[in-house]
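Here's the structure we're looking at; comments come further down.
Numbering (my numbering), first residue to last: 104 to 468.
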């Protein structure tokens, strides 16, 4: 896979996983997944396949009608045997269940995603006229509560980068490891904080995706669209120090030769590795906030909105297709700005206080 891009390599891995999941699902499911190929990413299709696997596992272990039946040989019209009550029971089951010796839990977000997968599945066969009922459409979507935006404050951002650069709080083996990775880590963390790109977009960067003439990087957005993201001087300096220094002397494994960020194993760094290094440095700054790569993205979005007040600019910078997604995530900040209106608007000039009433009593007039 040496000549394949990171996205192509990821797509191949996802396709292999989809095929693996399909071997555990009813054979008729293949038609549905073929229909998704032209409109859904491989990652979305993989998630749908996994979710449907959980659904059929639920049916086989909790519904007597399916207990002794072979899932692979189920006909498509078996879906008409499932009611809205069954699907509601499935959502309840998702809260906590055990499969292959491992316990899984789902909060409202997880339940909503799995219901969305099931709804798409039912919609396909219902529209094709292969089933007569569509119970998934009769079930209410779990209400997802708005969460406070967890982010780093400006002084925390500075301390976070200072710790990544100095490693003063590390000792022994940690310090030795830090000396090997600090320039790379500074480039990676500065890039995340300075551009707000997703961790998947960051690890997918290749050397030729960085354009120092225009201070820009070329990334593949969620959904597969290509975009240019511009960066400032601090990001430029950190990237240049890494690319002109440690990155030049590296000898990556086959398939990672052109990757921008390389792990100690000489392979393209993974999203999981980035999560670990973000948490490692964040713990030195705050023990209260759980900082992840996505929280660095929130930090960027928050700072940009506070500086510009332009929600459409923030949406574009973050790669949100729908500005309402951005509004939802930054509603609390918007509310804080709206509160300032109360102190800005003055209806009348304030009158000077009266010197006195000269002894007159209005109640007697």
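Built from N, CA and C at the ideal position, the CB exists for glycine as well.
Bear in mind that the values here come from a model prediction, so they are computed numbers and not experimental data.
A check of alpha carbon separations from residue 382 across 396, 164, 165 and 193 identifies 396 as the nearest. When only Cα atoms are considered, residue 394 and residue 357 end up about 32 Å apart.
Under the three-state reduction of DSSP, residue 375 is assigned to helix. In this structure, residue 323 places its C-beta atom within 8 Å of the C-beta atom of residue 329. When the alpha-carbon of residue 406 is set against those of 255, 204 and 238, the nearest one is in 255. Pairing residue 252 with residue 306 gives a Cβ-Cβ distance that is not under 8 Å. A residue is called buried when at least 16 other Cβ atoms come within 10 angstroms of its Cβ; residue 199 does not meet this threshold and is exposed. Residue 202: member of the beta strand (DSSP E) spanning 199–202, first to last residue. Distance between residue 131 and residue 266, taken at the CA atoms: about 54 Å.
Fully contained in the stretch 294–379 are the following beta strand (DSSP E) runs of length 3 or more, in chain order: 319–323 and 329–333. Contact between residue 237 and residue 226 holds: their C-beta atoms lie close to 7 Å from each other, under 8 Å. Its chain contains 245 and 247 as the residues whose beta carbon lies nearer than 6 Å to that of residue 211, once the 5 sequence neighbours on both sides are disregarded; these appear in chain order. C-alpha of residue 262 to C-alpha of residue 350: approximately 25 Å in a straight line.
For residue 222, the enclosing alpha helix (DSSP H) begins and ends at 211–230. Per DSSP, reduced to three states, the secondary structure at residue 148 is helical. With a contact defined as Cβ atoms closer than 8 Å, residue 194 and residue 172 miss out at about 22 Å.
Where residue 433 is concerned, there is no enclosing beta strand (DSSP E), because DSSP gives it neither an H nor an E. Collapsing the DSSP output to three states places residue 186 in coil. Per the DSSP secondary-structure output, residue 207 pairs in a beta bridge with 200.
Boundaries of the alpha helix (DSSP H) around residue 117: 109–125. Measuring C-alpha to C-alpha distances from residue 221 to each of 315, 404 and 150 identifies 150 as the nearest.
Residue nearest to residue 384 within the set 273, 161 and 140 is 273 (criterion: CA-CA distance). With respect to the 8 Å criterion, residue 362 and residue 314 are not classified as neighbours on the basis of their beta carbons.
With a cutoff of 8 Å on beta-carbon distance, residue 338 and residue 297 are scored as near each other.
With respect to residue 294, residue 218 sits apart: the two C-beta atoms are not nearer than 8 Å. For residue 366, same chain residues with a beta-carbon under 8 Å away, outside a window of 5 residues either side, are 372, 373 and 376 in chain order.
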